[in-house]
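Using this note's numbering, read the sequence shown as starting at 3 and increasing by one per residue.
What follows is a single structure, written as structure tokens, with notes after it.
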Amino acid sequence: MLDAHPDLNPDGFFESQELLAIRVEVEKLAGINFAYPASWSRPDWSAVLASAKARVLIRRACSYFAARREEGLTRFIFKDPRTIALMPFWERVFKRENLTPRYVVALRKPCAVNKSIQHFSGQSYEMADLLWMENMATIAQFLKDRPFALVVYERWFEGAEEQIHGLSQFVFGTRAKKTTIRKILNTTVKSRLNHAATEADVSGGGDFSARYYGALCELPCENAGLQDNEIVQLGECYVAMVRSLGPKLHPDSLGQLQDFDRRERSWADRIVALEAQIADRDRVHRAARARQAARGASYFLEAGQRLIDRGRFRAATHCLTRAHTLAPALVEPPFFASISTYLDGDRDLALAWARTAVGLCRPNGNQWAPRDRVAQILIQLGRFAEADEAYIEAISLMPQRPQLYRNRAALCRLRKQDWLADQLDEVASRLEQNV
Numbered sequence: 003m004l005d006a007h008p009d010l011n012p013d014g015f016f017e018s019q020e021l022l023a024i025r026v027e028v029e030k031l032a033g034i035n036f037a038y039p040a041s042w043s044r045p046d047w048s049a050v051l052a053s054a055k056a057r058v059l060i061r062r063a064c065s066y067f068a069a070r071r072e073e074g075l076t077r078f079i080f081k082d083p084r085t086i087a088l089m090p091f092w093e094r095v096f097k098r099e100n101l102t103p104r105y106v107v108a109l110r111k112p113c114a115v116n117k118s119i120q121h122f123s124g125q126s127y128e129m130a131d132l133l134w135m136e137n138m139a140t141i142a143q144f145l146k147d148r149p150f151a152l153v154v155y156e157r158w159f160e161g162a163e164e165q166i167h168g169l170s171q172f173v174f175g176t177r178a179k180k181t182t183i184r185k186i187l188n189t190t191v192k193s194r195l196n197h198a199a200t201e202a203d204v205s206g207g208g209d210f211s212a213r214y215y216g217a218l219c220e221l222p223c224e225n226a227g228l229q230d231n232e233i234v235q236l237g238e239c240y241v242a243m244v245r246s247l248g249p250k251l252h253p254d255s256l257g258q259l260q261d262f263d264r265r266e267r268s269w270a271d272r273i274v275a276l277e278a279q280i281a282d283r284d285r286v287h288r289a290a291r292a293r294q295a296a297r298g299a300s301y302f303l304e305a306g307q308r309l310i311d312r313g314r315f316r317a318a319t320h321c322l323t324r325a326h327t328l329a330p331a332l333v334e335p336p337f338f339a340s341i342s343t344y345l346d347g348d349r350d351l352a353l354a355w356a357r358t359a360v361g362l363c364r365p366n367g368n369q370w371a372p373r374d375r376v377a378q379i380l381i382q383l384g385r386f387a388e389a390d391e392a393y394i395e396a397i398s399l400m401p402q403r404p405q406l407y408r409n410r411a412a413l414c415r416l417r418k419q420d421w422l423a424d425q426l427d428e429v430a431s432r433l434e435q436n437v
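This is how it looks when you write it as structure tokens:
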């Protein structure tokens, strides 16, 4: 809402031509096309800023600020909506020059901004809406952990005093004096620059941008950062959505974007489509993780088998537990098959395997079935007490399974505990009747 300085700002921007020229060069270096929002995610800023061209531009920007300091200037105002896409560059400059930036978000209704973009650049209304949302969503992500002030254009002409106080407190650490406020109101708040009054004629923005604007307007003037605010979550969702639409947003295919029916392709529909894409990607990732886990489980299973053959049962238990944790379905069949092969030969080794099975089952609280199988093997080895412990653990994990009570009852009869076996059979019968 300030008049641009005619000498420094012939194009009407509120900063010097030198800074504008630097911004254009940085955009070219990073491969950013401001009319193509999806390109904003492409720069590898660590590589961009490490280039010789970037170092030249950083020195050039630092020289500008150093020269202004020599002229006695201690504060700079740098306003350009495209700045947000280049913040990694400017933060490097700020750090080099030991400048402490104060971030001020100047917010305006998306419908009014879209009309302005249409007028000056000839973009479609839909693309203008994308540009507004990309700007604001990227700003929200950047300001997660950075203090900032918020100025709302639509409120400026109605209640500028409150916003002036907020800005003064944010920038200078104190509320503005009444004389200062009157001076600002008389020299800065100019009714001829008030375009808010004509915005009733502007058609509303997209549903998503309107919702985003409403959420931003609820913020106070001074903010310590957005952290996990819903605004950041909305912004991240939108940015991901724009990225997924990347090929459709290329300038060469804007005609296709201009022709789509906004009622049939609302923001809500796009977000639903995005969530479906994310779900598909998650399924692919889960499958990849399962394959990786299977490979790891095979490695630990083979290592455990070798250790058992050498009589190193404690180390084997560790390896087999890891294998079982990674892929129980893969480990259990060969593991119990190996135990069975030793039952007809080296029964001591079979017993060691069975005890190892008990050890690997215990870290996995939901593994009742392996305990049942281990108990049956221990019974074949004549280790009735250990088998009974395995059955007790299995029943505690799956108390509604009648067969576990039947199996333990059979064990109790082998141990001459008929009274306990009768009670277990009675419990099993009641469970079977309930089923």
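Glycine included, each C-beta is placed from N, C-alpha and C at the ideal position.
{"Item": "Reference residue 181; option with closest CA among 430, 45, 163", "Value": "163"}
{"Item": "Simplified DSSP assignment, three categories, for residue 431", "Value": "helix"}
{"Item": "Residue 60 at chain B interface by Cβ criterion, 8 Å", "Value": "In summary, chain B is missing from the structure at hand, where a single protein chain is found."}
{"Item": "Exposure of residue 72, with buried meaning 16 or more beta-carbon neighbours within 10 Å", "Value": "exposed"}
{"Item": "Contained beta strand (DSSP E) runs [length at least 3] in the region 145-177, N- to C-terminal order", "Value": "150-154"}
{"Item": "Residue 108 - containing alpha helix (DSSP H), residue span", "Value": "From DSSP, residue 108 is part of no alpha helix (DSSP H) but of the beta strand (DSSP E) over 105-109."}
{"Item": "For residue 27, three-class secondary structure by DSSP", "Value": "helix"}
{"Item": "Coil, strand or helix - residue 99 by DSSP", "Value": "coil"}
{"Item": "DSSP beta-bridge partners of residue 225", "Value": "150"}
{"Item": "Delimiting residues of the alpha helix (DSSP H) encompassing residue 405", "Value": "404-416"}
{"Item": "Status (buried if at least 16 other CB within 10 Å, exposed otherwise) for residue 1", "Value": "Nothing in the structure corresponds to residue 1, since the chain is present only between 3 and 437."}
{"Item": "Residue from 417, 414, 418, 401 with nearest C-alpha to residue 430", "Value": "401"}
{"Item": "Helix, strand or coil at residue 216 [DSSP, three-state]", "Value": "helix"}
{"Item": "Classification of residue 188 by the beta-carbon crowding that lies within 10 angstroms, buried from 16 upward", "Value": "exposed"}
{"Item": "Alpha-carbon to alpha-carbon, residue 87 and residue 461", "Value": "No statement about residue 461 is possible, as the shown extent of the chain runs from 3 to 437 and does not include it."}
{"Item": "Top-ranked residue by Cα proximity to residue 84, from 137, 144, 391", "Value": "137"}
{"Item": "Coarse secondary structure for residue 35, derived from DSSP in three states", "Value": "coil"}
{"Item": "Bounding residues of the alpha helix (DSSP H) (the contiguous stretch that carries residue 68)", "Value": "54-72"}
{"Item": "Where residue 293 falls: helix, strand or coil (DSSP)", "Value": "helix"}
{"Item": "Beta-carbon proximity of residue 31 to residue 55, cut-off 8 Å", "Value": "yes"}
{"Item": "Which listed residue (293, 155, 26, 141) has its alpha carbon closest to that of residue 219", "Value": "155"}
{"Item": "Reduced DSSP category for residue 18 - H, G, I as helix; E, B as strand; rest coil", "Value": "coil"}
{"Item": "Residue burial classification, residue 176 (beta-carbon count within 10 angstroms, cutoff 16)", "Value": "exposed"}
{"Item": "Where residue 203 falls: helix, strand or coil (DSSP)", "Value": "Its pLDDT being 44, under 50, residue 203 is placed unreliably by the model, and nothing is read from it."}
{"Item": "Host alpha helix (DSSP H) of residue 392 (start-end)", "Value": "386-399"}
{"Item": "Identity of the residue in 406, 398, 399 nearest residue 378 by Cα", "Value": "406"}
{"Item": "Simplified DSSP assignment, three categories, for residue 367", "Value": "Its pLDDT being 49, under 50, residue 367 is placed unreliably in this model, and the value from its coordinates should be taken loosely. Residue 367: coil per DSSP, three-state reduction."}
{"Item": "Neighbour-count burial assignment, residue 48, 16 or more Cβ in a 10 Å radius", "Value": "exposed"}
{"Item": "Beta-carbon separation (whole angstroms), residue 105 vs residue 150, contact threshold 8 Å", "Value": "4 Å"}
{"Item": "Close Cβ partners of residue 171 (< 7 Å) along its chain, the five nearest in sequence each way excluded", "Value": "177, 224"}
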